[in-house]
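K.L.:
Those letters in the sequence shown? Residues 32 to 290, by the working numbering. Every residue, glycine too, gets a C-beta built ideally from N, C-alpha and C.
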Amino acid sequence: MTALALDLGTARIRLLLSGSTTIRERPSACGDPEARRWPVRHGMVADMPGCARLVRTALSDAVTERHPPLERVLLGVPVAASRLDRRAAYAAVSSAARCRVAIVEEPLAAAVGCGVDIADPRPRLLLDAGAGIAEAVVIRAGEIADAGDVQVAGQVAGQVGAGCPPYARERVVAMVADLIARVPAALRATVRQQGLLITGGGARDPELARKLCAELRITVSPVADPANATVRGLACLLGTSGSSGTSAIGRKDIDDDHQ
């Protein structure tokens with residue numbers, strides 16, 4: 032079976048075939064260079080036909096005639112994605128891939144991609160700072176127990192920014208502080224002791240990490256190869272997700288066939 036992990040980001044689309052270690056990526060843009068369109072905004076599909084064309088083009092590069100037919104795609108979506116957002120992402124990808132599509136929340140996949148044991152009952156704090164949306168989550172016992180999000184970038188002069196722009200840093204820090212404050216008091220010390228992991232392009236911003244560390248007084252650790260954490264995690268989860276819509280990690284994070 033040929034299966035595919037798909038990270039459909041605001042700035043970049045990343046793909047990883049099952050059994051492969053080669054991550055393929057391209058800008059999340061479609062159309063002529065003079066009139067480029069960015070169908071994904073703030074991590075959500077804003078233009079379904081444009082997104083379908085984007086995915087179709089990316090798939091034509093990644094899945095060649097030498098590969099067996101594609102049977103399954105595991106797609107990452109933000110935690111903040113509404114049911115309508117998820118339907119839009121599902122529709123765009125399934126029309127392009129013409130196979131079964133399942134959905135996983137991106138910060139959970141990013142945690143798997145950087146080696147976190149998400150089944151651990153101790154709460155773990157992670158910030159996934161992408162080009163369009165930053166999401167902070169508390170992961171516990173295979174679930175996202177709580178989450179917050181900040182829209183960190185948009186399209187300016189036809190360009191999509193990478194990482195966390197300066198104007199959004201204070202908002203991201205405030206979001207993470209609020210998330211920590213909402214952790215039950217009995218678990219808050221454990222969360223602080225475990226520290227904060229940062230994934231996504233924003234993890235490359237040393238000023239963001241410095242502000243988080245200074246203002247929250249918590250250990251902050253940008254992970255290795257942070258931009259690829261989500262697609263790596265999705266690829267790992269390809270082997271654990273079944274066809275029934277449930278996951279081996281004990282949570283209905285996977286919305287198989289959008290049921």
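Looking at the structure shown, is Cys244 part of a helix, part of a strand, or coil, going by DSSP?
P.N.:
Three-state DSSP puts Cys244 in a helix.
K.L.:
Going by beta-carbon coordinates alone, are Ala83 and Ser113 separated by less than 8 Å?
P.N.:
It is not a contact, given that the beta carbons lie outside the stated cut-off.
K.L.:
Would you report the Cα separation of Ile280 and Gly226, rounded to the nearest angstrom?
P.N.:
With a pLDDT of 32 at Ile280, under the threshold of 50, the modelled position of that residue is not reliable, and the figure given next carries that caveat. Computed Cα separation, rounded: 22 Å.
K.L.:
Using the Cα positions of Ala212 and Gly144, report the straight-line distance between them to the nearest angstrom.
P.N.:
Going by the C-alpha atoms only, they are around 26 Å apart.
K.L.:
Considering only the alpha carbon of each residue, which of Val104, Glu238, Pro64, Arg118 lies closest to Thr33?
P.N.:
Answer by Cα proximity: Val104.
K.L.:
Quick check on DSSP: helix, strand or coil for Thr88?
P.N.:
Thr88: helix per DSSP, three-state reduction.
K.L.:
Under the rule that 16 or more other beta-carbon atoms within 10 Å means buried, what is His73, buried or exposed?
P.N.:
So His73 ends up on the buried side.
K.L.:
Contact between the stretch 253-272 and the stretch 44-64: three or more CB pairs below 8 Å?
P.N.:
A contact exists between the stretch 253-272 and the stretch 44-64.
K.L.:
Does the distance from the CB of Val183 to the CB of Ile164 come in under 8 Å?
P.N.:
Contact: yes.
K.L.:
The beta strand (DSSP E) spanning Pro58 covers which residue range?
P.N.:
55-58 is the span of the beta strand (DSSP E), which, as asked, contains Pro58.
K.L.:
If you run the structure through DSSP and keep just helix, strand and coil, what is Ser252?
P.N.:
Of the three classes helix, strand and coil, the one that applies to Ser252 here is strand, per DSSP.
K.L.:
If we call anything under 8 Å between Cβ atoms a contact, is Glu166 one with Pro253?
P.N.:
Going by C-beta atoms, Glu166 is not nearer than 8 Å to Pro253.
K.L.:
Output needed for Leu85: all residues of its chain with C-beta closer than 7 Å, excluding positions within five of it in sequence on either side, in chain order.
P.N.:
So the list reads Ile44, Ser59, Cys61, Pro70, once near-sequence residues are dropped.
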